[in-house]
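Going by UniProt numbering, the first residue of the sequence shown is number 1, and it counts up by one from there.
To start, the structure under review is shown below, and the notes come after it.
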Amino acid sequence: MRGVKVDQIGGAYQVTNDLQRPSPDANQLLVKPIFGAVNPVDELMRNSGLLVTSWPWTPCCDVAGIVVEVGSGVTKFKAGDQVFGCQGVGFPGSGGAAEYCLFREDIVFKKPDHIPLAEAATMGVGNQTAALGLWGGLNIDIPDPQNLPDISEEWVLVLGGGGSVGGYAVQLSKLSGYKVIASVSTRSAGAAIAQGADETVDYKTPVSTQIAKIKAVTQGKLRRIIDATSFNAEFAKKVLEEVKDDAGEKYFTSVNDWEDFGPLPGDAKFYPISVGPLGRPEATELNDLLSKFIAVIQVLIDTEKIKPGEYSLVGETGFESFIEAVKVQSNGSAKKVVAKLQE
């Protein structure tokens with residue numbers, strides 16, 4: 001099977017013809033990836049070996065493609081269906097930069113007609129990670145997608161609101177009935193507002209200036225913070241210190257699930273967003289949780305209440321384009337970077 005592989009920790013990405021074609025278990029789909037999006041975890045795994053269960057390893061966990069075969073127990077999908085999502089990372093069959101990869105039936109999205117495949121490839125990791133943080137970690141009720149709540153006076157602070165996870169955190173927070181203030185760069189402020197943020201704060205301004213604006217905007221109604229970048233724990237602590245005497249339980253969640261942040265100001269509750277085990281048979285609790293979230297997000301996407309973010313399509317059709325896309329993403333692209341892997 002043709003695709004991209006890395007032979008060892010720190011090894012180079014290579015296009016190869018010797019990958020083993022996976023076979024679906026009873027609850028799995030065999031999918032032909034057409035488009036794949038790059039995520040920071042690709043380079044993290046290549047450089048550190050984290051989450052990789054065996055070598056060679058194939059990257060790309062954000063995929064949109066076509067179902068070619070279904071397992072014996074699959075009831076919701078059939079060959080020919082177009083699907084997308086984050087299928088998991090690091091284990092055999094999970095790599096999307098290949099002719100075929102595997103999805104679990106319960107944690108995959110069906111692509112609606114109004115979203116092209118290329119855009120769909122950008123939506124899996126962001127939506128799933130944001131949902132875990134908000135609905136799993138910030139004590140935010142999962143909304144009824146057919147009867148969305150009114151917007152309350154409560155605020156969510158989204159750190160890294162200009163990125164993919166942050167952008168979906170903005171959208172899902174608003175759809176869950178919260179106001180949003182997003183920490184972004186000046187070049188991303190417009191995109192955050194377009195996704196529903198009520199206010200933005202420039203993370204490049206002095207910390208004291210940022211906190212002053214956050215306090216002035218939220219007026220004692222900020223109890224929930226999500227760090228979509230993994231780098232903002234110290235800033236979140238400073239914000240929590242400033243609001244610790246305001247009424248209500250405080251919550252902080254982050255994609256940084258490897259550090260111990262210790263006690264947080266005001267006894268705020270911390271929830272690490274751990275997406276790494278996604279899709280693995282032993283990750284029963286995580287898979288069940290995501291299955292519940294995906295059912296809601298699917299309706300929100302189908303009814304155009306969640307919209308894709310901006311993306312850049314890199315290179316020509318072929319697996320080489322994924323390697324090129326990784327380089328573009330590593331150089332700091334402001335948009336999600338996508339490659340067309342095959343016809």
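Note that CB positions come from ideal geometry on N, CA and C, so glycine has one too.
Just to confirm my understanding: we take residue 395, look at its own chain, exclude 5 residues before and 5 after, and list those with CB closer than 7 Å. What are they? In this structure the chain extends from 1 to 343, so residue 395 is not present and cannot be described.
With DSSP collapsed to three states, give me the class of residue 296. Looking up residue 296 in the sequence shown gives position 296. Residue 296 falls in the helix class under three-state DSSP.
Please say whether residue 185 and residue 204 have beta carbons closer to each other than 8 Å? For the purposes of this step, residue 204 is taken as residue 204 along the sequence shown, with counting starting at 1. For the purposes of this step, residue 185 is taken as residue 185 along the sequence shown, with counting starting at 1. Yes, they are a contact pair.
How long is the line joining the alpha carbons of residue 235 and residue 207, rounded to whole angstroms? For this step, residue 235 is matched to residue 235 along the sequence shown. For this step, residue 207 is matched to residue 207 along the sequence shown. Those two C-alpha atoms are separated by around 8 Å.
Going by C-alpha to C-alpha distance, which of 78, 171, 38, 114 sits closest to residue 122? Reading the sequence shown from its first residue, position 122 is the one you call residue 122. If we check each option's Cα against that of residue 122, 38 comes out closest.
So is residue 253 buried or exposed if we call it buried at 16+ other beta carbons inside 10 Å? Here the question's residue 253 lines up with position 253 in the sequence shown. Using a 10 angstroms sphere on the CB of residue 253, the tally of other CB atoms reaches 16 or more, which defines it as buried.
Considering just the uninterrupted stretch of the beta strand (DSSP E) at residue 199, what are its terminal residues? Within the sequence shown, residue 199 is the residue found at index 199, counting from 1. Start and end: 199-202.
Top-ranked residue by Cα proximity to residue 155, from 146, 112, 192, 225: The residue you call residue 155 lines up with position 155 of the sequence shown. Considering only alpha carbons, the answer is 225.
Report the rounded CA-to-CA distance for residue 160 versus residue 46, giving the unit in angstroms. Taking the first residue of the sequence shown as 1, we reach residue 160 at position 160. Taking the first residue of the sequence shown as 1, we reach residue 46 at position 46. In a straight line, the C-alpha of residue 160 is about 24 Å away from that of residue 46.
Spatial neighbours of residue 7 within its chain, please: CB distance less than 8 Å, with the 5 preceding and 5 following residues excluded, ordered by chain position. One-based indexing of the sequence shown puts residue 7 at position 7. 14, 55, 56.
Which whole-angstrom value describes the C-beta separation of residue 28 and residue 71, a residue pair presumed to lie in contact below a C-beta threshold of 8 Å? Mapped onto the sequence shown, residue 28 falls at position 28. Mapped onto the sequence shown, residue 71 falls at position 71. With a beta-carbon spacing of about 5 Å, residue 28 and residue 71 fall inside the 8 Å limit used to define contacts.
Residue 223, DSSP secondary structure in three states: Here residue 223 refers to the residue found at position 223 of the sequence shown. Strand, per DSSP.
Strictly by DSSP, which residues pair up with residue 252? As a working mapping, residue 252 is identified with position 252 in the sequence shown. Residue 252 is bridged to 225, 270.
So, under 8 Å CB-CB, residue 4 and residue 319 are touching, yes? Tell me the CB distance rounded to an integer number of Å. In the sequence shown, residue 4 corresponds to position 4, counting from 1. In the sequence shown, residue 319 corresponds to position 319, counting from 1. With a Cβ gap of about 5 Å, residue 4 and residue 319 count as contacting.
Compute the Euclidean distance between the alpha carbons of residue 102 and residue 221, then round it to the nearest angstrom. Along the sequence shown, one-based indexing puts residue 102 at 102. Along the sequence shown, one-based indexing puts residue 221 at 221. Distance between residue 102 and residue 221, taken at the CA atoms: about 43 Å.
Please give the ranges of any beta strand (DSSP E) in the stretch 115-155, keeping only runs that are unbroken, at least 3 residues long and fully inside the region. Scanning the stretch 115-155 from its first residue to its last, no whole beta strand (DSSP E) run of 3-plus residues comes out.
Contact between the stretch 141-156 and the stretch 170-184: three or more CB pairs below 8 Å? The stretch 141-156 is in contact with the stretch 170-184.
In the DSSP assignment, the alpha helix (DSSP H) including residue 173 goes from what residue to what residue? By 1-based counting over the sequence shown, the position of residue 173 is 173. For residue 173, the enclosing alpha helix (DSSP H) stretches over residues 164-175.
Roughly how many whole angstroms lie between the Cα atoms of residue 257 and residue 317? For the purposes of this step, residue 257 is taken as the residue at position 257 of the sequence shown. For the purposes of this step, residue 317 is taken as the residue at position 317 of the sequence shown. For residue 257 and residue 317, the distance between alpha carbons rounds to 35 Å.
Taking only the alpha-carbon atoms, compute the straight-line gap between residue 282 and residue 182 and give it to the nearest angstrom. Against the sequence shown, residue 282 aligns to sequence position 282. Against the sequence shown, residue 182 aligns to sequence position 182. Between the C-alpha atoms of residue 282 and residue 182 there is a straight-line separation of about 35 Å.
Cβ neighbours of residue 25 in the same chain (closer than 6 Å, five flanking residues each side left out): By 1-based counting over the sequence shown, the position of residue 25 is 25. 71, listed in sequence order.
Give the DSSP bridge partners of residue 70, in chain order. Translated into positions along the sequence shown, residue 70 becomes position 70. DSSP lists 29 as partners of residue 70.
Leaving aside the five residues before and after residue 189 along the sequence, list all residues of the same chain whose C-beta is less than 6 Å from its C-beta, in chain order. Walking along the sequence shown from the start, residue 189 turns up at place 189. Cβ within range, chain order: 200.
From the DSSP secondary-structure annotation, give me the bridge partner or partners of residue 3. As a working note, residue 3 is residue 3 in the sequence shown. As DSSP reads the structure, residue 3 sits in a beta bridge with 16, 98.
If you draw a straight line from the C-alpha of residue 311 to the C-alpha of residue 229, how long is it? Counted from its first residue, the sequence shown places residue 311 at position 311. Counted from its first residue, the sequence shown places residue 229 at position 229. Approximately 18 Å, taken between the alpha carbons.
Any idea which residues DSSP pairs residue 181 with across the strands? The count along the sequence shown starts at 1 and reaches residue 181 at position 181. Answer is 157, 199.
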